[in-house]
Amino acid sequence: MMESIQNRIVENGKRGKATWLYIDEFHVLLNSEYSAKYLQQLWKKVRKQGGLCTGITQNVVDLLQNYTATTMLANSEFVALLKQANTDRAKMADVIGVSEAQLRFVTNTGSGMGLIKCGSVEVPFDNTISKDTGLYKLYNTNIHERIEMAEKEKATKSQKG
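Going by my numbering, the first residue of the sequence shown is number 1, and it counts up by one from there.
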């Protein structure tokens with residue numbers, strides 16, 4: 001599977017096409033030594049071939065406990081952090097290359113708030129979306145709120161006839 005992905009990136013690069021690779025639940029692939037090493041070399045190689053790798057995980061602490069993942073994170077030009085636990089705060093700051101003071105934007109914060117690091121630039125952000133908007137309904141991943149919203153919508157429809 002991973003070799004097929006790399007082959008596609010190489011093919012697209014030869015045609016002058018950039019390929020964005022998004023890997024959700026990134027930490028799961030790090031559980032296998034083979035896939036972790038493969039991802040590490042992929043992370044390094046594909047940039048030269050027009051590929052851009054994006055690893056997505058709920059908790060950066062999972063990555064900080066894995067040497068391979070830590071080196072990949074340290075070598076990433078772009079990092080976007082949303083709410084994170086206070087665990088390993090000093091190590092997170094060191095690996096990502098931000099000050100511990102900057103981590104206040106990702107620890108003990110609300111949903112939609114975070115910190116972007118792009119190269120040497122660090123940008124805190126507040127992208128909170130009001131709960132009474134269509135965008136909130138579209139982007140909300142809180143299962144309890146989604147169930148509640150669906151029930152309200154169903155009740156409203158049944159009242160209308």
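Note that beta-carbon positions come from the ideal geometry of N, C-alpha and C, so glycine has one too.
Since we're looking at a predicted model, the values are computed, not measured.
Proximity of residue i and residue j at Cβ, strictly below 8 Å
{"i": "Asp94", "j": "Gly112", "result": "no"}
{"i": "Leu30", "j": "Thr68", "result": "yes"}
{"i": "Ala18", "j": "Leu52", "result": "yes"}
{"i": "Ile96", "j": "Val46", "result": "no"}
Nonlocal neighbours in the same chain, by C-beta distance under 6 Å from residue i, ignoring five residues either side
{"i": "Cys118", "result": "Phe78"}
{"i": "Gly13", "result": "Gln49 and Gly50"}
{"i": "His27", "result": "Thr57 and Asp62"}
{"i": "Trp43", "result": "Cys53 and Met72"}
{"i": "Asn66", "result": "Leu30"}
CA-to-CA distance, residue j to residue i, given in whole angstroms
{"i": "Met92", "j": "Thr156", "result": "46 Å"}
{"i": "Arg89", "j": "Met72", "result": "18 Å"}
{"i": "Val121", "j": "Lys37", "result": "29 Å"}
{"i": "Glu3", "j": "Val98", "result": "34 Å"}
{"i": "Ile56", "j": "Lys152", "result": "32 Å"}
{"i": "Thr133", "j": "Tyr34", "result": "44 Å"}
{"i": "Ala101", "j": "Glu25", "result": "28 Å"}
{"i": "Glu145", "j": "Leu103", "result": "28 Å"}
{"i": "Leu135", "j": "Thr141", "result": "12 Å"}
{"i": "Gln159", "j": "Ile147", "result": "18 Å"}
{"i": "Ile143", "j": "Lys154", "result": "16 Å"}
{"i": "Glu11", "j": "Ala74", "result": "28 Å"}
{"i": "Met1", "j": "Ser32", "result": "14 Å"}
7 Å CB neighbourhood of residue i in its chain, flanking five on each side removed
{"i": "Met149", "result": "Lys137"}
{"i": "Thr109", "result": "Lys83"}
{"i": "Thr70", "result": "Leu63, Leu64 and Val95"}
Closest by C-alpha distance to residue i, when choosing among the options
{"i": "Ser130", "options": "Tyr139, Ala85 and Glu3", "result": "Tyr139"}
{"i": "Leu21", "options": "Pro124, Gln6, Arg104 and Ser32", "result": "Gln6"}
{"i": "Ser76", "options": "Gln65, Leu103, Ile116 and Asn59", "result": "Ile116"}
Assumed close pair residue i, residue j - CB separation to whole angstroms, cut-off 8 Å
{"i": "Val61", "j": "Ala80", "result": "Actually they are not in contact, since the Cβ atoms of Val61 and Ala80 sit about 16 Å apart, beyond 8 Å."}
Sequence-distant residues of its chain with Cβ nearer than 8 Å to residue i (five each side left out)
{"i": "Gly114", "result": "Ala80, Leu81, Leu82, Lys83, Phe105, Val106, Pro124, Phe125 and Asn127"}
{"i": "Gly16", "result": "Gly50"}
{"i": "Thr54", "result": "Trp20, Leu21, Tyr22 and Ile23"}
{"i": "Gln40", "result": "Thr68, Thr71 and Met72"}
{"i": "Asn59", "result": "His27, Gln84 and Ala85"}
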